[in-house]
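What follows is one structure encoded as structure tokens, with my remarks underneath.
There are 2 protein chains.
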Amino acid sequence: MIQLTQTSYVVLGLVARAGEATPYDLKQVVSATIGGFFSIPHSQLYAEPERLARAGYLSERRERTGRRRKHYSVTGKGREALRDWLRTPTDELYELRDPGLLKLAFGADPKMLAGTQLAAHERRLQELRDLASVLEAAGAPEEQRLVADAGVGHAREYIRFWKRVAGP
Amino acid sequence: MIQLTQTSYVVLGLVARAGEATPYDLKQVVSATIGGFFSIPHSQLYAEPERLARAGYLSERRERTGRRRKHYSVTGKGREALRDWLRTPTDELYELRDPGLLKLAFGADPKMLAGTQLAAHERRLQELRDLASVLEAAGAPEEQRLVADAGVGHAREYIRFWKRVAGP
DNA sequence: ACCGTCATGTAATCGGTTACATGATTCT
DNA sequence: AGAATCATGTAACCGATTACATGACGGT
Numbered sequence: 005m006i007q008l009t010q011t012s013y014v015v016l017g018l019v020a021r022a023g024e025a026t027p028y029d030l031k032q033v034v035s036a037t038i039g040g041f042f043s044i045p046h047s048q049l050y051a052e053p054e055r056l057a058r059a060g061y062l063s064e065r066r067e068r069t070g071r072r073r074k075h076y077s078v079t080g081k082g083r084e085a086l087r088d089w090l091r092t093p094t095d096e097l098y099e100l101r102d103p104g105l106l107k108l109a110f111g112a113d114p115k116m117l118a119g120t121q122l123a124a125h126e127r128r129l130q131e132l133r134d135l136a137s138v139l140e141a142a143g144a145p146e147e148q149r150l151v152a153d154a155g156v157g158h159a160r161e162y163i164r165f166w167k168r169v170a171g172p
Numbered sequence: 005m006i007q008l009t010q011t012s013y014v015v016l017g018l019v020a021r022a023g024e025a026t027p028y029d030l031k032q033v034v035s036a037t038i039g040g041f042f043s044i045p046h047s048q049l050y051a052e053p054e055r056l057a058r059a060g061y062l063s064e065r066r067e068r069t070g071r072r073r074k075h076y077s078v079t080g081k082g083r084e085a086l087r088d089w090l091r092t093p094t095d096e097l098y099e100l101r102d103p104g105l106l107k108l109a110f111g112a113d114p115k116m117l118a119g120t121q122l123a124a125h126e127r128r129l130q131e132l133r134d135l136a137s138v139l140e141a142a143g144a145p146e147e148q149r150l151v152a153d154a155g156v157g158h159a160r161e162y163i164r165f166w167k168r169v170a171g172p
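Same order as they appear, the protein sequences are chains V and L.
With the numbering used here applied, the first sequence corresponds to residues 5 to 172, in that order.
With the numbering used here applied, the second sequence corresponds to residues 5 to 172, in that order.
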């Protein structure tokens, strides 16, 4: 019926893990976990669960008093969709779509770009390292750590690249 | 007035380089050059120049007979916008948003993912290498080659990562 | 003459971004 | 008590994707 996007699966996955969650809960978890490589603006975390609920993947319980928050949980249909998604490998690749590379490709001055990009990627690398050590300290599951490691590897690769561009 | 997106700059940049171009020309060039890390569906290459023309960044000349193709060229305003963009470094970073990593983060079986992802990234690596050697043979400008190199580096990094996940 | 593929375009829909707005808490 | 920040939500707009459609052209 509706198209399930990556955002949909993020929401399904997070709600499934939490049992029940409000958009705000989701927001918290998103930035704490996959925020490093897949962020979602908070307004989407209101819109998307609603869409999923309309299509029967989530059920909605609204508080009767106070803030009237909406609490979502996964339905059978939702759980099934999530499971199917998880057990199907993808050969889809995501494109880099990197602003720095784009400017480079269109003739911006490489050395000028390199400075700023290097700094930005070094900042990110630091964040990811912090995240990685938090995850380790918290005894997070292996996958979480792998994902953080992937991020670290990519940041390092970017840094290598821009250093080379910056020249000796 | 209007928001200039990365797509806008791609169009501006390509039209500027070509002098005059139809959407179809753009389509060709996109896949030949930045296609590897920043693709744009052809319908966008019809819509975006129109948008840019309405806002005064491009001028439009329509054939009077036959296919009535639209030919675009860059106006002064367009050229200026492009130049400003090119000489401003960015600290913006693009997120990976990688489907494979996402599934990994939500508990898909790592080894299962690794196989398919590895194959896909190896295919891409090969493509990028081919592109790189074509560029070199054609004596393409340094930046073009750098961009291709960046792609190669990333593909390699992905491959390292998924090999590690696949385990010994 | 026909078929397939390249070339060219438009329309509809929708997810995502940006901006706005206000209730709760916490801190000084 | 007031300011600042966190929490929570809605609305409007718009770029991007998907789907549909047809014209030209090269080969058999």
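We treat Cβ as the ideally placed atom computed from N, Cα and C, and that holds for glycine.
The alpha helix (DSSP H) spanning V/S35 covers which residue range? Position 31 of the first sequence, counted from the first residue, corresponds to residue 35 of chain V. First-last of the alpha helix (DSSP H) with V/S35: P27 to A36.
Residues near V/Q121 in its chain [Cβ-Cβ closer than 7 Å; skip 5 each side]: By 1-based counting over the first sequence, the position of residue 121 of chain V is 117. Closer than 7 Å at Cβ, skipping near neighbours: G104 and W166.
Cross-chain neighbours of L/Q148 in chain V, by beta carbon under 8 Å: The residue you call residue 148 of chain L lines up with position 144 of the second sequence. Near L/Q148 (Cβ distances below 8 Å), the residues of chain V are A109.
Taking Cβ positions only, does L/Q10 come closer than 7 Å to chain V? For the purposes of this step, residue 10 of chain L is identified with residue 6 of the second sequence, where counting begins at 1. For L/Q10, a Cβ of chain V is located within less than 7 Å of the residue's own Cβ.
Own chain residues within Cβ distance below 8 Å of V/L117, not counting five before or after: Along the first sequence, one-based indexing puts residue 117 of chain V at 113. Cβ neighbours of V/L117 beyond the five flanking positions: G104, K107, L108, W166 and V169.
I want to see whether chain V comes within less than 7 Å of L/L132, judged by CB atoms only; does it? In the second sequence, the residue the question calls residue 132 of chain L occupies position 128. No, L/L132 does not count as interfacial toward chain V.
How about V/Y76 and V/P93: do their beta carbons lie closer than 7 Å? Numbered from 1 along the first sequence, position 72 holds the residue referred to as residue 76 of chain V. Numbered from 1 along the first sequence, position 89 holds the residue referred to as residue 93 of chain V. No; because the gap between Cβ atoms is not below 7 Å, this pair is not in contact.
Under a Cβ-count criterion, where at least 16 other Cβ atoms within 10 Å of its own Cβ denotes burial, should L/F156 be classed as buried or exposed? Along the second sequence, one-based indexing puts residue 156 of chain L at 152. For the record, residue 156 of chain L in the displayed sequence is Val; it is not Phe. Label assigned to L/V156: buried.
Which one of L/A59, L/T79 and L/L150 has the shortest CA to CA distance from L/G40? Position 36 of the second sequence, counted from the start, is the residue given in the question as residue 40 of chain L. Of L/A59, L/T79 and L/L150, the smallest CA-CA separation from L/G40 is found for L/L150.
Closer than 8 Å by C-beta to V/Q10: which residues in its own chain qualify, once you throw out the five before and the five after it? Chain order, please. Residue numbering aside, residue 10 of chain V sits at position 6 when the first sequence is read from its first letter. Annotation for V/Q10: F42 place their beta carbon closer than 8 Å to its own, counting only its chain and skipping 5 residues before and after.
Round the Cβ separation of L/H125 and V/L97 to the nearest angstrom and send it over; I've been treating them as touching at under 8 Å. On the second sequence, residue 125 of chain L is found 121 positions in, with the first residue counted as 1. On the first sequence, residue 97 of chain V is found 93 positions in, with the first residue counted as 1. Between L/H125 and V/L97 a beta carbon distance of about 7 Å is seen, short of the 8 Å cut, so the two are scored as contacting.
Please determine, among V/A159, V/R101, V/R87 and V/A142, the residue with the shortest C-alpha to C-alpha distance to L/D113. Translated into the one-based positions of the second sequence, residue 113 of chain L becomes position 109. Selected option, being the one with the closest Cα: V/R87.
Quick check: the region 136-154 of chain L against the region 137-151 of chain V, are at least 3 beta-carbon pairs closer than 8 Å? No, the region 137-151 of chain V does not touch the region 136-154 of chain L.
Proximal residues of chain L, C-beta to C-beta of V/H46 below 9 Å: Position 42 of the first sequence, counted from the first residue, corresponds to residue 46 of chain V. For V/H46, there are no neighbours in chain L by C-beta distance under 9 Å, as the nearest C-beta there is about 16 Å away.
Which listed residue (L/Q148, L/D134, L/L129 and L/K115) has its alpha carbon closest to that of L/P172: Residue 172 of chain L sits at position 168 when you count from the first residue of the second sequence. Scanning L/Q148, L/D134, L/L129 and L/K115 for the CA closest to the CA of L/P172 turns up L/K115.
Continuous alpha helix (DSSP H) stretch holding V/R65: start and end: In the first sequence, counting from the first residue as 1, residue 65 of chain V sits at position 61. Residue range L62 to R66 is occupied by the beta strand (DSSP E) that includes V/R65, with no alpha helix (DSSP H) assigned at that position.
Anything in the region 91-107 of chain V with a Cβ closer than 8 Å to a Cβ of chain L? List those residues in chain order, please. Cβ contacts with chain L: R91, P93, T94, D95, E96, L97, Y98, E99, L100, R101, D102, P103, G104, L105, L106 and K107.
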